[in-house]
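S.K.:
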């Protein structure tokens, strides 16, 4: 990342603090969005599995009690 500097009277002030702050906010936003996408995928898997009948779950090697864990782990 490039440091931006500018003159203020007799001293030079680096604008890296603001840049780091914006980078930290950007990183947090990206991680939040990634977590939200992961949550949506888990919810979709749960919904799909919860709609299966007993024999349908058995065919996948699952029980009704194991749906939440299977949705979370993706198995």
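In the working numbering, the protein residues as written are 16 to 90. Glycine residues also receive a C-beta, built at the ideal position from the N, C-alpha and C atoms.
1) Less than 6 Å between C-beta atoms, sequence neighbours within five positions excluded: which residues of the same chain meet that for residue 26?
2) Expressed to the nearest angstrom, what Euclidean distance is found between the alpha-carbon atoms of residue 41 and residue 51?
3) Measuring only the C-alpha atoms, how far is residue 62 from residue 89?
4) Is it buried or exposed for residue 28, if we count other Cβ within 10 angstroms and need 16 for buried?
5) Rounded to the nearest angstrom, what separates residue 69 and residue 55 at their Cα positions?
6) Could you name each continuous alpha helix (DSSP H) segment of 4 residues or more that falls completely within the stretch 28-72, going from the start of the chain to the end?
M.R.: Let's see:
1) Counted from its first residue, the chain shown places residue 26 at position 11. Note that residue 26 scores a pLDDT of 46, beneath 50, so its modelled location is shaky; the value from the coordinates is reported in the next line. Closer than 6 Å at Cβ, skipping near neighbours: no residue.
2) The sequence position of residue 41 within the chain shown is 26, counting from 1. The sequence position of residue 51 within the chain shown is 36, counting from 1. The alpha-carbon atoms of residue 41 and residue 51 are separated by roughly 15 Å.
3) Looking up residue 62 in the chain shown gives position 47. Looking up residue 89 in the chain shown gives position 74. One Cα belongs to residue 62, the other to residue 89, and the distance between them is close to 13 Å.
4) Residue 28 sits at position 13 when you count from the first residue of the chain shown. Low confidence applies here, because residue 28 scores a pLDDT of 49, under 50, leaving its location unreliable; read the following figure in that light. Residue 28 is classed as exposed because its beta carbon has fewer than 16 other beta carbons within 10 Å across all chains shown.
5) Residue numbering aside, residue 69 sits at position 54 when the chain shown is read from its first letter. Residue numbering aside, residue 55 sits at position 40 when the chain shown is read from its first letter. Across the structure, residue 69 and residue 55 are spaced so that their CA atoms are roughly 24 Å apart.
6) 31-65, all fully within the stretch 28-72.
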